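Below is one structure, written out as structure tokens; comments come after it.
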Amino acid sequence: MNNILISSATLVLPGHSKNGEIVDILVEKGNISRIDKKIKHEIGKVYQIDATGCSVGPGFFDLHANFGEPGLETKEDISTGTAAAVAGGFTAVAVFPNTNPPIHSRSEVSLIVNTAKNNIVDVYPIGAISRKTEGKELAELYDMQSVGAIAFSDGNHSVQQAGLMGRALLYAKGFDGLIIAFAEDDSIAADNQMNEGDVSTYLGMKGVPNLAESLMISRDLFLAEYNEAPIHFTSISTHEAVELIKRAKSKGIKVTCDVAAHNLVYTDQEVMGFDSHFKVSPPLRTKKDLKALIKGLRDGTIDAIVSQHTPHEIEFKNVEFQIAKYGIVGLQTALPFLVKAGLTDQEIVQKLSIGPRQVVGKEVPTCEAGSPANLVIFDRNQKWVYDTSTNKSKCANSPVFGQTLIGKVRAVINHGQLVENL
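The working numbering applies: residue 116 is where the sequence shown begins, and numbers increase by one.
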């Protein structure tokens, strides 16, 4: 990679001595060599990126993405998934075990780690809590961590057996492992299609009540407290969940959580048109829940925002709402969604760059002279069209596909590599 000069960008990194200042950043041989108000250079010696009006900060880190590899490569493989991640500003992605076979042994973890080597995006496997994510028998957690798994989750399967979840928390604690819980009580959710409320009643569809989430969060908080073990809840969606986790944090329970970007901008009102692209799990909730999630982000209850990138081929989405698969592709739309939700650049970097790394114990890029360059440059005001020409994923199951979005990632630098979105 040539030496790079990023000029006239607003540095966004809470706690940094130049946070909020317009600076030039010189990157030489993959490392930041200087950060200053103005850096003079010889023409031809550096590749210049004019970042006037843009923000620059540590590369985004996605704690919850689904790639299809291994076994479901027609949905997404590591190559296309990381291409979508880069286009969305992510320099690191944690991939969930919703694969076939699931990531439930050292073999699958090693496959992902080796396939993703030398990529501009760091790909971190999340191993399954139970074998085949069936919730019956504990998987070899330590074995998976030893070859690269950074945490453990049963993906979109919520662990229904309290005993198994308790054992997982206790076992993982022994080697500083982290359990990630997707909170949904199956006996209450009952495989229903959308949020339970006024809209589901009006449409005549069976809904998933908030209770399905809050009941499971309550159970897992008790288990985490009993076992004195850390736990992370992914994709929370209800005001009750925010309140439960806020109380647990105040008690000293080691709990963190994240929210999917689309749950910050859409409510169950979107389902009125039966557009299957709005069918997600957990479902889109009410305005009350959305406001509580935004508040939870700002008061520190919610630690991170995730894309919950879930690609599906057209035959799984271009069908009746009731039989469509859950999920949307979200890596490239995370930033526009957060801009739409009204988050500031400081909040975006805190929840997309800093918070996720702190959850899994990864070092936050310092953006100091001498440190490796792990950077994202983005313009919250730039418009772009999300369509077949800009989509990097194999799939296009997004409610905003074909639309003009506001908030674009201009470039990403990591591991001595540069990718620009021109």
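Cβ atoms here follow ideal geometry from the backbone N, Cα and C, with glycine treated the same way.
Computed from a prediction, not measured in an experiment: that's the story for all the values here.
- Alpha-carbon to alpha-carbon, N506 and L89: For the chain, the structure presents residues 116 to 537; residue 89 sits outside this window and is missing.
- The alpha helix (DSSP H) with L256 in it runs from where to where? According to the DSSP assignment, L256 belongs to the alpha helix (DSSP H) that extends over L256 to Q260.
- Message: Tell me which residues share the same chain as D373 and place their Cβ nearer than 6 Å to its Cβ, disregarding the 5 neighbours each side in the sequence.
- Response: L178, T349, A419 and V421
- Check whether the Cβ atoms of F176 and R472 sit closer than 8 Å, and answer yes or no. yes
- What is the DSSP secondary structure of P471, reduced to helix, strand or coil? Reduced to three states, the DSSP call for P471 is helix.
- Task: Could you tell me which residues DSSP pairs with P173 in its beta bridges?
- Result: According to DSSP, which records beta bridges pairwise, P173 is partnered with L490.
- Simplified DSSP assignment, three categories, for E430: Correct three-state label for E430: helix.
- Under the DSSP definition of a beta bridge, which residues are partnered with Y239? A209
- Item | Residue interval of the beta strand (DSSP E) (run including K455) | That residue, K455, is in no beta strand (DSSP E); its alpha helix (DSSP H) goes A449 to K455.
- Query: Which two residues bound the contiguous alpha helix (DSSP H) that contains E535?
  - Reply: Here E535 belongs to no alpha helix (DSSP H); instead the beta strand (DSSP E) covers Q532 to E535.
- For K321, which three-state DSSP category applies? coil
- Query: Who are the near neighbours of V380 in its chain, counting only those whose CB is closer than 7 Å to its CB and skipping five residues on each side?
  - Reply: F452, K455 and A456
- Item | Given 8 Å, three or more beta-carbon pairs between the stretch 309 to 320 and the stretch 333 to 349 | Taking a cut-off of 8 Å on C-beta distances, the stretch 309 to 320 does not touch the stretch 333 to 349, as fewer than three cross pairs fall below it.
- Helix, strand or coil: which one does DSSP assign to F393? Three-state DSSP puts F393 in a helix.
- Message: Can you check which of these residues, M280, N529, E535 and V534, is closest to K144 by C-alpha distance?
- Response: N529
- Query: Among all the DSSP beta bridges, which residues are the ones paired with C510?
  - Reply: Partner(s): none; C510 has no beta bridge.
- Query: Can you round the beta-carbon distance between N342 and L279 to whole angstroms, since I take them to be within the 8 Å contact cut?
  - Reply: Not really, about 13 Å apart at Cβ, beyond 8 Å.
- Could you give the distance in angstroms between the alpha-carbon of H272 and the alpha-carbon of P173? 32 Å
- Can you tell me whether Y317 is buried or exposed, with buried defined as 16 or more other CB within 10 angstroms of its CB? exposed
- First through last residue of the alpha helix (DSSP H) which encompasses L412: K402 to R413
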